[in-house]
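My numbering applies: residue 22 is where the sequence shown begins, and numbers increase by one. We treat Cβ as the ideally placed atom computed from N, Cα and C, and that holds for glycine. Below is one structure, written out as structure tokens; the observations come after it.
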Amino acid sequence: MTSLAILGVGKVGGETAFLSAALGLVDEIVVYDVYEPLLRAQVLDLQHTGIDIAIVTETAAIRDADIFVFAAGTPRTPDIKTRADLLDANIPVAKRCSEFLQGFPGVVISVTNPMDANNYGLWKMMGIDRHRCIGFGGQLDSARFARYLDEAGKPGPAWVLGEHGEHQVPLFSKAGADLGIEEREAILSRMRGASMEVIRGKGGTVFGPAYHVTMLIRAILDDRREVLPCSCVLDGEYGLSGCSLGVPARIGREGILGIEEWDLDTWESAKMAEAGAFVRDLCRRFDG
């Protein structure tokens with residue numbers, strides 16, 4: 022039996038549970054949320070689909086899941102300028118999450134912002150192999166990048182590394198897009214504000230993140246061994262350590278099977294170094 026556990030079943034967590042059930046990816050879903058009325062409502066809503074899947078709400082069942090998704094905590098609102106601004110609010114949530122996961126043998130997917138720092142924090146507090154902690158964000162950023170490249174008349178492979186936030190690093194060199202620095206910075210500026218337009222309009226991003234989280238779950242469970250942009254705890258890759266950052270990672274049943282180190286151009290290398298320095302400072306909050 023394949024089991025998925027999700028902590029935090031609001032917008033993204035709830036939609037991820039539904040998509041995973043609807044696509045038949047798992048036999049059982051363990052869901053938990055501190056807000057009991059929401060938890061009860063989400064369980065009923067899933068049951069009312071008629072999908073043949075076991076739904077469990079006991080937290081003890083989390084440790085028996087194959088994959089755990091951390092989607093709890095304070096979400097971003099129009100008043101919160103950047104994802105990094107959520108760190109103080111969500112550190113206690115990450116610490117509580119790590120308590121649920123003591124002895125967890127499966128793969129952890131971090132979604133809660135600031136995602137990169139929280140992914141590092143969970144790894145640090147759980148004391149598990151770094152290859153079993155995967156941060157989600159790069160797939161969504163890459164999908165947004167693909168749209169902007171297409172609008173610029175430069176369709177090509179779209180990859181975004183770095184932080185899932187202000188310090189994201191779109192790889193124009195991989196896309197074969199011969200754009201000047203000003204054009205690159207203009208597209209990067211649009212990418213930084215992409216989620217806020219959705220947040221202002223409907224209160225939060227849902228479809229995009231939930232879809233890509235579900236595709237990450239599928240890549241793990243099906244042992245697809247495909248390369249995806251994911252946040253990984255680094256130990257010298259790209260010259261960086263002491264942080265979790267978006268890199269090209271080969272994903273399979275055991276989690277991160279390997280990290281690919283691609284050649285970056287001068288602009289991308291500088292942006293990657295900036296992202297590493299910024300996220301490393303956030304991660305220090307978990308090193309005490």
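If contact is defined by three or more beta carbon pairs under 8 Å, each pair taking one atom from either stretch, is the segment 35 to 53 in contact with the segment 64 to 82? yes
Say whether the segment 224 to 238 touches the segment 146 to 161, bearing in mind that this needs 3 or more beta-carbon pairs closer than 8 Å, one atom from each stretch. As far as the Cβ criterion goes, the segment 224 to 238 touches the segment 146 to 161, which means the pair count is three or higher.
Return helix, strand or coil for Val219, following the three-state DSSP convention. Counting from 1 along the sequence shown, the entry for residue 219 is found at position 198. Correct three-state label for Val219: helix.
Does the distance from the CB of Arg153 to the CB of Val114 come in under 8 Å? By one-based count along the sequence shown, residue 153 stands at place 132. By one-based count along the sequence shown, residue 114 stands at place 93. Taking 8 Å as the Cβ cut-off, Arg153 and Val114 do not qualify as a contacting pair.
Express the C-alpha separation of Gly71 and Cys304 in angstroms, rounding to a whole number. Sequence index remark: in the sequence shown, residue 304 carries index 283 (1-based). Sequence index remark: in the sequence shown, residue 71 carries index 50 (1-based). Roughly 43 Å between the two C-alpha positions.
Over what stretch of residues does the alpha helix (DSSP H) that includes Leu59 continue unbroken? Counting from one through the sequence shown, the residue named residue 59 turns up at place 38. Counting along the chain, the alpha helix (DSSP H) containing Leu59 begins and ends at 57 to 68.
State the Cα-Cα distance for the pair Ala207 and Val254, rounded to the nearest angstrom. Here residue 207 corresponds to residue number 186 of the sequence shown, with the count starting at 1. Here residue 254 corresponds to residue number 233 of the sequence shown, with the count starting at 1. Going from the Cα of Ala207 to the Cα of Val254 covers about 29 Å.
Cα-Cα separation between Leu6 and Leu242, rounded to whole angstroms: The shown model of the chain, from 22 to 309, leaves out residue 6, and the question about it has no answer.
Enumerate in chain order the residues of its own chain whose CB-to-CB distance from Val248 is below 8 Å, with the five nearest sequence positions on each side excluded. Within the sequence shown, numbered from 1, the residue matching residue 248 stands at position 227. So the list reads Pro269, Ala270, Arg271, Ile272, Glu281, once near-sequence residues are dropped.
Would Leu107 pass as a contact of Thr95 if the rule is Cβ separation under 8 Å? Start at 1 with the first residue of the sequence shown, and residue 107 comes out as number 86. Start at 1 with the first residue of the sequence shown, and residue 95 comes out as number 74. Going by C-beta atoms, Leu107 is nearer than 8 Å to Thr95.
Met138, buried or exposed, once every other Cβ within 10 Å from all chains shown has been counted against 16: Translated into positions along the sequence shown, residue 138 becomes position 117. The residue you asked about is not Met; residue 138 is Ala in the sequence shown. Buried, by the Cβ-count rule.
Report the rounded CA-to-CA distance for Val181 versus Leu266, giving the unit in angstroms. For the purposes of this step, residue 181 is identified with residue 160 of the sequence shown, where counting begins at 1. For the purposes of this step, residue 266 is identified with residue 245 of the sequence shown, where counting begins at 1. It is roughly 11 Å from the alpha-carbon of Val181 to the alpha-carbon of Leu266.
In whole angstroms, give me the CA-to-CA distance for Ser131 and Gly31. To locate residue 131, count along the sequence shown from 1; it is residue 110. To locate residue 31, count along the sequence shown from 1; it is residue 10. C-alpha separation (whole angstroms): 15 Å.
Run the CB neighbour count on Pro17, radius 10 Å, all protein chains shown included, and call it buried at 16 or more, exposed below. Nothing about residue 17 can be reported from this structure: the residues present for the chain run from 22 to 309 only.
Secondary structure, alpha helix (DSSP H): runs of 4+ residues fully inside the segment 122 to 195: 136 to 147, 159 to 172
Roughly how many whole angstroms lie between the Cα atoms of Ala294 and Asp284? Residue 294 sits at position 273 when you count from the first residue of the sequence shown. Residue 284 sits at position 263 when you count from the first residue of the sequence shown. Near 14 Å, if we compare the C-alpha coordinates of Asp284 and Ala294.
For the segment 214 to 301, list the beta strand (DSSP E) runs that are entirely contained and at least 3 residues long, ordered along the chain. 247 to 256, 262 to 273, 276 to 280
Using a Cβ-Cβ cutoff of less than 7 Å, which residues in the same chain neighbour Ala179 once the five nearest sequence positions on both sides are dropped? On the sequence shown, residue 179 is found 158 positions in, with the first residue counted as 1. Cβ within range, chain order: Ser163, Phe166, Ala167, Leu170, Ala196.
If Gly186 and Ala298 are in contact, beta carbons under 8 Å, what's the gap, nearest whole angstrom? Against the sequence shown, residue 186 aligns to sequence position 165. Against the sequence shown, residue 298 aligns to sequence position 277. Incorrect: roughly 13 Å between the Cβ atoms, too far for contact.
Measure the alpha-carbon distance for Ile220 versus Asn134 and round it to whole angstroms. As a first step, residue 220 must be located in the sequence shown, where it is residue number 199. As a first step, residue 134 must be located in the sequence shown, where it is residue number 113. Between Ile220 and Asn134, the C-alpha separation is close to 14 Å.
If you measure between the beta carbons of Val47 and Thr23, is that distance less than 8 Å? Position 26 of the sequence shown holds residue 47. Position 2 of the sequence shown holds residue 23. Taking 8 Å as the Cβ cut-off, Val47 and Thr23 qualify as a contacting pair.
Continuous beta strand (DSSP E) stretch holding Ala75: start and end: Numbered from 1 along the sequence shown, position 54 holds the residue referred to as residue 75. Run containing Ala75: 75 to 77, per the beta strand (DSSP E) assignment.
Return the Cβ separation of Arg301 and Gly263 in integer angstroms, given the expectation that the two are a contact with Cβ distance under 8 Å. Looking up residue 301 in the sequence shown gives position 280. Looking up residue 263 in the sequence shown gives position 242. That pair is a contact at about 5 Å.
Near Gly35, what residues of its chain come up, given a Cβ to Cβ distance below 6 Å and the 5 sequence neighbours on each side ignored? For this step, residue 35 is matched to residue 14 along the sequence shown. Contacts found: Gln63.
With Ala38 as the anchor, note down where its alpha helix (DSSP H) starts and where it stops. What you label residue 38 is simply residue 17 of the sequence shown in a count that begins at 1. Run containing Ala38: 32 to 43, per the alpha helix (DSSP H) assignment.
Since Thr235 and Leu44 are thought to touch, with beta carbons under 8 Å apart, how far apart are those beta carbons, to the nearest angstrom? Position 214 of the sequence shown holds residue 235. Position 23 of the sequence shown holds residue 44. The Cβ separation is near 7 Å, so the contact holds.
In terms of DSSP beta bridges, what is Leu108 paired with? Sequence index remark: in the sequence shown, residue 108 carries index 87 (1-based). Partner(s): none; Leu108 has no beta bridge.
Inter-residue spacing [alpha-carbon to alpha-carbon] between Arg151 and Val33: The residue labelled residue 151 in the question sits at position 130 within the sequence shown. The residue labelled residue 33 in the question sits at position 12 within the sequence shown. Cα to Cα, Arg151 sits roughly 24 Å from Val33.
Using DSSP with H/G/I as helix, E/B as strand and the rest coil, what is Ile88? On the sequence shown, residue 88 is found 67 positions in, with the first residue counted as 1. Strand.
May I ask you to list the residues that DSSP assigns as paired with Glu49? Taking the first residue of the sequence shown as 1, we reach residue 49 at position 28. Answer is Ser24, Ala75, bridged to Glu49.
Should Leu25 and Phe91 be called a contact, given that it needs their Cβ atoms to be closer than 8 Å? Taking the first residue of the sequence shown as position 1, residue 25 is located at position 4. Taking the first residue of the sequence shown as position 1, residue 91 is located at position 70. No, the pair does not count as a contact, with Cβ atoms beyond the cut-off.
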